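Chains as they are written, first to last, in this note's numbering: chain A, 1 to 385; chain B, 1 to 385.
There are 2 protein chains.
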Amino acid sequence: MRDVAIIGTGEIPVDEHWTTGIRHLMLEAGLSAMRDANIESVDALYVGNMLSGEIVGQSHLGALAVDFMGLDNAEAFKVEAACASGSAALRVGTMAVASGLLDLVLVLGVEKMTDTSGQETSAALAGAADAEYEVSQGISFVALNALLMQRYMYDYGWKREDFANFAITAHANGANNPFAMFQRPISAEMYARSPIIATPVGLMDASPICDGAAAVVLAPAEFARALSPAPVKIKASAVGMAPLAVHDRKDPLALEAARISSRKAYAQAGIKPEDLDFFELHDAFTIMAALSLEAAGFAERGKGVQLALDNEISLKGRVPMATMGGLKARGHPVGATGIYQVVEAVMQLRGLAGANQIPGARLGMTQNIGGSGATVITHIFEAMS
Amino acid sequence: MRDVAIIGTGEIPVDEHWTTGIRHLMLEAGLSAMRDANIESVDALYVGNMLSGEIVGQSHLGALAVDFMGLDNAEAFKVEAACASGSAALRVGTMAVASGLLDLVLVLGVEKMTDTSGQETSAALAGAADAEYEVSQGISFVALNALLMQRYMYDYGWKREDFANFAITAHANGANNPFAMFQRPISAEMYARSPIIATPVGLMDASPICDGAAAVVLAPAEFARALSPAPVKIKASAVGMAPLAVHDRKDPLALEAARISSRKAYAQAGIKPEDLDFFELHDAFTIMAALSLEAAGFAERGKGVQLALDNEISLKGRVPMATMGGLKARGHPVGATGIYQVVEAVMQLRGLAGANQIPGARLGMTQNIGGSGATVITHIFEAMS
Chain A
1 MRDVAIIGTG EIPVDEHWTT GIRHLMLEAG LSAMRDANIE SVDALYVGNM
51 LSGEIVGQSH LGALAVDFMG LDNAEAFKVE AACASGSAAL RVGTMAVASG
101 LLDLVLVLGV EKMTDTSGQE TSAALAGAAD AEYEVSQGIS FVALNALLMQ
151 RYMYDYGWKR EDFANFAITA HANGANNPFA MFQRPISAEM YARSPIIATP
201 VGLMDASPIC DGAAAVVLAP AEFARALSPA PVKIKASAVG MAPLAVHDRK
251 DPLALEAARI SSRKAYAQAG IKPEDLDFFE LHDAFTIMAA LSLEAAGFAE
301 RGKGVQLALD NEISLKGRVP MATMGGLKAR GHPVGATGIY QVVEAVMQLR
351 GLAGANQIPG ARLGMTQNIG GSGATVITHI FEAMS
Chain B
1 MRDVAIIGTG EIPVDEHWTT GIRHLMLEAG LSAMRDANIE SVDALYVGNM
51 LSGEIVGQSH LGALAVDFMG LDNAEAFKVE AACASGSAAL RVGTMAVASG
101 LLDLVLVLGV EKMTDTSGQE TSAALAGAAD AEYEVSQGIS FVALNALLMQ
151 RYMYDYGWKR EDFANFAITA HANGANNPFA MFQRPISAEM YARSPIIATP
201 VGLMDASPIC DGAAAVVLAP AEFARALSPA PVKIKASAVG MAPLAVHDRK
251 DPLALEAARI SSRKAYAQAG IKPEDLDFFE LHDAFTIMAA LSLEAAGFAE
301 RGKGVQLALD NEISLKGRVP MATMGGLKAR GHPVGATGIY QVVEAVMQLR
351 GLAGANQIPG ARLGMTQNIG GSGATVITHI FEAMS
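Written out as structure tokens, the structure reads:
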């Protein structure tokens, strides 16, 4: 089994890319990562994507990507695990390089969500939940998260405003990220005044529907220093699973798959949570940020929100999160999100995060959630330079 | 890098499963493979599937499968490469075991195509082609294959009837397969009288729309004999790619991805085509069978049809194909097909193919085609007992 490293990253701005097709999104992010890695060919290209069949009418994205990018000799598939598709593709790429079967692997996350109505996009996204037992009741992802947030507030006595800092922190960091969808800070007043989508989830609790693509190049760690001036090692790659439907989980607020996935990752990396310099978590909704902090061991049960209130999630806090804007402000093009998280983690570990740089960051974690918590994929990265 | 073996297989009858949901299809095939392997848990479950999001409204199949099957500790994703999704999932599973990261991996192919109108299914299937340049012209997969067949007949002087033996052989073999959709032989007259769908493709040139699921259990080859009385070694796992759109290929009749994929597989296995005891090829259409035989080195350019005319594709011929009915008679539930091919290959290599047994079969090849030939995945298997 070989250790695996990242030797290049690429991303395009998250936005509503009305005039750009999905093949161009993949091309720009993919070639950008290959330029960064200073390579001209790869052995494989694995695409993380959830909705291209439903929304764009294009399946078979692996073949489209290698064709349009001119990567004649690369094998290519799509990997899907709902909103964790990007990390799932990274997991596949990591296993491919670890096996010794392949050396250079491009892992690309892409999603084009705006080519249809918001209603149709929401319906397609609902396929990440249990179609027969949740979606058939009319549930959407906003509704599922609203139920979780309501229960959490009821159980632990939090108010809606207590979640504000998750959104405020994400927007503050997104303001310095030229690839973020929302590059402007928001205030506590803006959070409080934002319209409610599904009580108690407001507009500022939810990540946006958007388009994006991001990519990383993997190589055997043993060759990484020869290929890149600043490689980053994949110290852990771990998956946790939980029942697909929220009502089938013993404890809906426990985010059990995140707990399993984090624990496995810490064991693989041989570290404790407090050793991490930052944690790029899956803040698709503010409630998910709170639950993720708890599941990953940064807060006691019911206390995740306290970390936000205490500003411990800011760049200077104990657990910096959403350091380049997170899902809330950078945006959440679902199948691409897992790779955006990794690209941003690598930027931090290379010292390239500009105004958002965490001084001396050496060890970072990303966590990508599929559905309402059925699939959770965690990666830990370490600077090699 | 570890060698990988198959220690168990399972399948359900290919049919129109009107009253069975996709989770049950996965459950039955998956548990059947685990029973055959005599195991009660796995480290991972990779699902090959193309259309569950579009047709069933259910994405996130990996999470659904491990949830419903009670495989709490297994990581799970979906892998998609259009009609080659099943083999793509097998490729991922093979890399996972080869890497040493995982030991027992369940690879499951599933498709439920009949939960909507045939028209909608055809439209969803078209997503395997180039949506912007082929599908936007109104092309369907039947139409694409009709164009290829017409050109092939024009270039090489074949008549439509010359393709009959591909369908007749498939149906003759399917008649002895209790899991086949069509368990009845057809005659040359029935082929000749069958209605034309898109000139020159007739009903008997095309595989059916249907539902199905099949599964295999992978383990490190070094432990395989201890786990199974009749393990089968994966001697080669190889992917070839070609441009997504037919009009972008230098030679539309060359099936270049199949040529590349076959060559890689022969090199990995250290064999020549004539060493194989059988070849489970992707006979979604009779023209695809002819082109596959040529691309894999069994016939000269333009001469694939001659092998059918000479009966060399029958169980007693030089290149037995569709030994359990092939895509034509067993059926083609697209994302499951690649795994059905493997299940059938393993049956042959274990001597369990009943009336269709190829005496003394030791070495077999499967080949699974995505789209009109953009992704082609080839596996070679060898009996270990």
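Think of the CB as a built atom: it goes at the ideal place given N, C-alpha and C, for glycine as much as any other residue.
Model, not experiment: these values are computed from the prediction.
Residue-level contact check: Lys78/B touches chain A, since one or more beta carbons of chain A fall below 9 Å from its beta carbon. DSSP places Tyr46/B in the uninterrupted beta strand (DSSP E) bounded by 44-48. A residue is called buried once 16 or more other Cβ atoms fall within 10 Å of its Cβ, and Asn165/B is buried on that count. Beyond the five residues adjoining it in sequence on each side, Ala236/A comes within less than 6 Å, by CB distance, of Ala265, Gln268, Ala269, Ile380 in the same chain, given in chain order. For Thr375/B, the beta-bridge partners assigned by DSSP are Met241/B, Gly370/B. The C-beta distance from Gly331/A to Pro178/A rounds to 13 Å, too long to meet the 8 Å contact threshold. For the set Val105/A, Met181/A, Ala172/A, Asn176/A, the Cα lying nearest the Cα of Ala188/A is the one of Ala172/A. DSSP places Pro273/B in the helix class (H, G or I) of the three-state scheme. For Gly30/B, the enclosing alpha helix (DSSP H) begins and ends at 22-37. Ile197/B: member of the beta strand (DSSP E) spanning 196-198, first to last residue.
The three-state reading of DSSP puts Glu280/A in strand, counting E and B together. The three-state reading of DSSP puts Glu222/A in helix, counting H, G and I together. Within the same chain, and ignoring the five residues on either side of Phe141/A in sequence, the residues whose Cβ sits closer than 6 Å to its Cβ are Leu125. Residue state for Ala170/A is assigned as helix, using DSSP reduced to three classes. According to DSSP, residue pairing for Phe77/B in a beta bridge involves Tyr46/B. At a cut-off of 9 Å, the C-beta of Met288/A has no neighbouring C-beta in chain B.
Interface criterion met: the Cβ of Ala63/B is under 9 Å from a Cβ in chain A. Against chain A, a Cβ distance below 7 Å from Pro243/B picks out Asp67. Of Leu203/B, Gln306/B, Val232/B, Asp205/B, the smallest CA-CA separation from Val217/B is found for Val232/B. Between Met113/B and chain A, the shortest Cβ-Cβ separation is not below 9 Å. For the region 85-96 of chain B, residues whose beta-carbon sits nearer than 7 Å to a beta-carbon of chain A comprise Ala88, Val92, Met95, Ala96. Going by DSSP, Gly304/B is part of the alpha helix (DSSP H) stretching over 304-309. A direct Cα-to-Cα measurement between Gly370/B and Ala295/A gives close to 40 Å. Assignment of beta-bridge partners to Met365/A by DSSP yields Phe279/A, Ile380/A. Within the same chain, Cβ atoms closer than 8 Å to the Cβ of Asp155/B are found at Leu253, Gly302, the five residues on either side in sequence being excluded. Where Val56/B is concerned, there is no enclosing beta strand (DSSP E), because DSSP gives it neither an H nor an E.
Within the DSSP bridge table, the entry for Val110/A names Ala213/A as partners. Interface with chain B (9 Å Cβ-Cβ cutoff): Gly57/A is included. Close to Val110/B, with beta-carbon spacing below 7 Å, lies no residue of chain A; the smallest spacing is near 13 Å. Setting aside the 5 residues that flank it on each side, Thr116/A is surrounded in the same chain by Ile55, each with a C-beta closer than 7 Å to its C-beta; the list follows chain order. Taking C-alpha positions only, Ala353/A is separated from Pro359/A by approximately 10 Å. Closer than 7 Å at the C-beta level to chain B, one finds no residue of the region 327-345 of chain A. Leaving aside the five residues that flank Thr121/A on each side, the residues in its chain whose CB is nearer than 6 Å to its CB run, in chain order, Met113, Ile209. Annotated three-state conformation of Ala175/B is coil, per DSSP. When the Cα atoms are used, Gly335/B and Gly93/A turn out to be separated by approximately 21 Å.
Among the residues facing chain A, Thr121/B is not included, as its CB has no counterpart in that chain under 9 Å away.
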